[in-house]
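There are 2 protein chains.
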Amino acid sequence: MSSIANTPQPPYYAVIFTSLRTEGDNGYTEMADRMAVLASEQPGFLGIESAREAVGITVSYWSDLESIKNWKANLEHLKAQKLGREQWYSSFKTRISRVERDYGIY
Amino acid sequence: MSSIANTPQPPYYAVIFTSLRTEGDNGYTEMADRMAVLASEQPGFLGIESAREAVGITVSYWSDLESIKNWKANLEHLKAQKLGREQWYSSFKTRISRVERDYGIY
């Protein structure tokens with residue numbers, strides 16, 4: 001999660017997850033690391049980028065909407081989502097977007 | 001930039017800018033703050049979220065592609081983009097995406 005994701009030519013999809021954390025770790029860091037690994041093992045996964053300061057931003061990239069839907073419904077991920085809503089996040093927003101164009105220097 | 005952007009109902013657009021910094025500040029922080037303010041003054045701007053650890057992620061939200069194009073062509077922003085390519089970023093990627101759905105807790 002510490003580099004720029006090496007995504008293919010667009011179009012592909014980006015899930016932009018922005019969150020504010022509650023106080024204390026309460027198992028969050030371990031679960032976040034586990035979810036990054038688990039996500040990377042899912043069909044359609046293309047990459048992930050993550051950083052946190054006042055706000056946390058994690059962007060995961062996917063080949064198609066079906067892959068995103070399957071990842072959201074993953075049983076281990078569902079448990080993490082429940083703990084996120086109940087314990088770890090004071091607020092969050094998930095945005096599903098279609099990447100239409102990209103450019104940069106590498 | 002320290003909260004979750006209060007964006008309207010989709011569809012809208014997200015510019016996902018991911019970067020790795022070079023060593024030293026070299027005027028970067030001041031310019032980054034200035035660009036966040038300047039962006040917020042542009043037509044079509046909807047919000048911005050930003051965090052940096054190993055990688056920096058800034059997501060700005062816009063009402064339409066024309067607004068993004070105009071912001072990219074803003075003269076003061078063009079100077080910042082040039083300094084970014086030449087001095088501040090060892091690598092970066094900009095992804096233009098269309099937000100199709102969002103949800104969360106607030």
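Protein sequences appear in the order of chains G and Z.
According to full-length UniProt numbering, the residues represented by the first sequence are 1 to 106, in order.
According to full-length UniProt numbering, the residues represented by the second sequence are 1 to 106, in order.
Backbone N, C-alpha and C define an ideal beta-carbon position, used for all residues, glycine too.
Quick caveat, the model's predicted, so the values are computed rather than measured.
Can you pull the chain G neighbours of residue i, defined as C-beta to C-beta under 8 Å?
i	result
Z:Asp102	Lys93, Thr94, Arg95, Ile96
Z:Ser2	Glu53, Ala54, Val55
Z:Leu20	Ser3, Ile4
Against residue i, what residues of chain Z qualify as contacts under a CB-to-CB distance less than 9 Å, listed in chain order?
i	result
G:Glu23	Neighbours of G:Glu23 on chain Z: none; closest Cβ ~16 Å, over 9 Å.
G:Arg34	Result: empty, since nearest Cβ-Cβ is about 18 Å, beyond 9 Å.
For residue i, which residues of its own chain have a beta-carbon under 6 Å away from its beta-carbon, when the five flanking residues on both sides are left out?
i	result
Z:Gly56	Ser19
Z:Arg85	none
Z:Glu49	Ala5, Val59
G:Phe92	Ser19
G:Phe17	Thr58, Thr94
G:Leu83	none
Are the C-beta atoms of residue i and some chain G residue less than 9 Å apart?
i	result
Z:Thr7	yes
Z:Leu83	no
Z:Glu49	yes
Z:Val37	no
Z:Ala14	yes
For residue i, which residues of its own chain have a beta-carbon under 7 Å away from its beta-carbon, when the five flanking residues on both sides are left out?
i	result
G:Asp64	Tyr13, Gly44
Z:Ala51	Ile57
G:Pro10	Val99, Glu100, Arg101, Asp102
G:Glu76	Leu38
G:Met35	His77, Ala80
G:Trp88	Arg21, Thr22, Asn26, Tyr28
I think residue i touches residue j, with their Cβ atoms under 8 Å apart; what is that distance to the nearest whole Å?
i	j	result
Z:Ser90	Z:Thr29	No, Z:Ser90 and Z:Thr29 are not in contact; Cβ-Cβ is about 17 Å, not under 8 Å.
Z:Thr94	Z:Gly47	About 17 Å separates the two Cβ atoms, so there is no contact after all.
G:Ser67	G:Val15	Not quite, the Cβ-Cβ distance comes to about 10 Å (not below 8 Å), so this is no contact.
Z:Ala54	G:Ser2	4 Å
Is there a C-beta anywhere in chain B that falls below 9 Å from the one on residue i?
i	result
Z:Gly56	Looking for chain B here will not work: the only protein chains present are G and Z.
For a contact defined as C-beta to C-beta under 7 Å, what are the partners of residue i on chain G?
i	result
Z:Tyr106	Ser91
Would you please verify whether the beta carbon of residue i is less than 9 Å from any beta carbon of chain Z?
i	result
G:Glu53	yes
G:Pro43	no
Within the same chain, show all residues whose beta-carbon is closer than 8 Å to that of residue i, passing over the 5 residues directly before and after it, in chain order.
i	result
G:Asn74	Leu38, Gln42
G:Trp62	Tyr12, Tyr13, Ala14, Val15, Gly44, Phe45, Leu46, Ile68, Trp71
G:Ser40	Ile48
Would you mind sorting residue i into buried or exposed? The rule is 16 or more other CB atoms within 10 Å of its CB.
i	result
Z:Ile105	exposed
Z:Ser97	buried
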